[in-house]
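Chains as they are written, first to last, in the numbering used here: chain Z, 196 to 310; chain W, 52 to 166.
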Amino acid sequence: GNSVTQMEGPVTLSEEAFLTINCTYTATGYPSLFWYVQYPGEGLQLLLKATKADDKGSNKGFEATYRKETTSFHLEKGSVQVSDSAVYFCALSDRGSSNTGKLIFGQGTTLQVKP
Amino acid sequence: GAGVSQTPSNKVTEKGKYVELRCDPISGHTALYWYRQSLGQGPEFLIYFQGTGAADDSGLPNDRFFAVRPEGSVSTLKIQRTERGDSAVYLCASSPGQPSPGEQFFGPGTRLTVL
């Protein structure tokens, strides 16, 4: 079945450090891929998405590229800020025959950025 | 505009009791999803509505769980004979229309604690 695997956290970085959070997936068909973020005390928000192979999603300085050959969608940011401290979830939506749009999430990676 | 709202924000109940959790989606959104998020995990899909009908209930864990959306707007998740293992945050999300690889807007969740 479909699944998403993220690198385990927590990830602790100093401000302005480079961030990578790894995400790999298993899916039948051609899924869409997402990164969601959950800031402390807030609900899940979409951070970025990519709908086909080689697409790059980007938002707020974060980027992720849909790599079909490695079934990966790693999240990167060149220079993190304290305000980026949050839990990050990788997710996929299978656009197969059922096409319900339901999301399958990874377990989440906690990022803590220190000043 | 108003986002997805969920009530109550917190619910504490005793084992064996019945609970109802409510979701008000964004006005005009025809697709509605319920997810369950256990501590330290990503959200897990429960059920999807397109309009009034449950188009995919494959994520409901057993027949103690049931959800309705009688007028195609507000939805209620109902849990009978609650068990301690039902303790989790229950998330609702809505999206504009036909399933597409687009954005689901999440509510803040209802934290259910079964004593």
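Glycine included, C-beta positions come from ideal geometry on N, C-alpha and C.
For W/Lys62, the enclosing beta strand (DSSP E) has its first and last residue at 61-64. By the C-beta criterion, the region 53-62 of chain W is judged not to be in contact with the region 118-137 of chain W, since fewer than 3 inter-stretch pairs fall below 8 Å. Around W/Phe117, no beta-carbon contact reaches into chain Z at under 8 Å, the shortest distance being about 18 Å. The beta carbon of W/Asp75 is closer than 6 Å to those of Ser56, Val125 in its chain, skipping five residues each way along the sequence.
Within the same chain, and ignoring the five residues on either side of Z/Gly256 in sequence, the residues whose Cβ sits closer than 6 Å to its Cβ are Lys272.
With a threshold of 9 Å between beta carbons, W/Gly158 makes contact with chain Z.
For W/Asp75, the enclosing beta strand (DSSP E) begins and ends at 70-75. A direct Cα-Cα distance of roughly 31 Å separates W/Arg87 from Z/Glu264. About 11 Å separates the Cβ atoms of Z/Ser227 and Z/Leu243, ruling out a contact at the 8 Å cut-off.
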